[in-house]
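Beneath this line is the structure, given in structure tokens, with notes to follow.
Numbering (UniProt numbering), first residue to last: 1 to 146.
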């Protein structure tokens with residue numbers, strides 16, 4: 001892990017124990033490292049827009065939400081989502097810790113040739129909540145009700 005990822009790991013660990021810290025940009029290399037390369041055994045949830053992984057740190061655990069690459073969310077919409085998440089502070093809402101918006105060029109086949117394409121990876125990092133997702137509780141509570 002590089003110096004940038006190591007410093008970001010320290011920042012993220014610090015944020016877990018200091019609730020007043022502001023969310024920060026996090027390098028992709030850190031999020032890959034703490035989720036064991038986004039391995040299947042770290043996957044804790046998935047939906048129509050993303051897969052969520054458990055990220056392990058020295059002093060705690062985080063949830064890393066990796067948005068599907070095929071989603072074509074304009075930069076301004078993603079930026080607005082981050083701005084909104086940064087403003088939300090409430091005891092009943094999972095705390096937003098950071099984000100990653102990574103773009104990397106990749107050679108891909110197109111019309112019998114190779115072209116450079118931008119591959120976007122967008123991730124959000126939250127405090128980990130160990131008792132499952134809210135929708136499980138809602139389904140359990142409404143069991144037998146219309």
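We put the beta carbon where it would ideally sit given N, CA and C, even for glycine.
Nearest to residue i (by Cα), restricted to the options the options
i, options, result
"residue 46", "34, 113, 36 and 63", "63"
"residue 65", "75, 59 and 32", "32"
"residue 30", "84, 54, 17 and 40", "54"
"residue 119", "111, 73 and 69", "69"
Cβ-Cβ distance between residue i and residue j below 8 angstroms
i, j, result
"residue 96", "residue 86", "yes"
"residue 99", "residue 23", "yes"
"residue 128", "residue 61", "yes"
"residue 9", "residue 57", "yes"
"residue 67", "residue 123", "yes"
Through-space distance from residue j to residue i, alpha-carbon basis
i, j, result
"residue 114", "residue 121", "21 angstroms"
"residue 20", "residue 104", "32 angstroms"
"residue 94", "residue 38", "21 angstroms"
"residue 130", "residue 77", "29 angstroms"
Cβ-Cβ separation, residue j to residue i (assumed contact under 8 angstroms), whole Å
i, j, result
"residue 6", "residue 59", "Incorrect: roughly 15 angstroms between the Cβ atoms, too far for contact."
For residue i: DSSP bridge partner residues
i, result
"residue 61", "56"
"residue 4", "In DSSP, residue 4 forms no bridge with anything."
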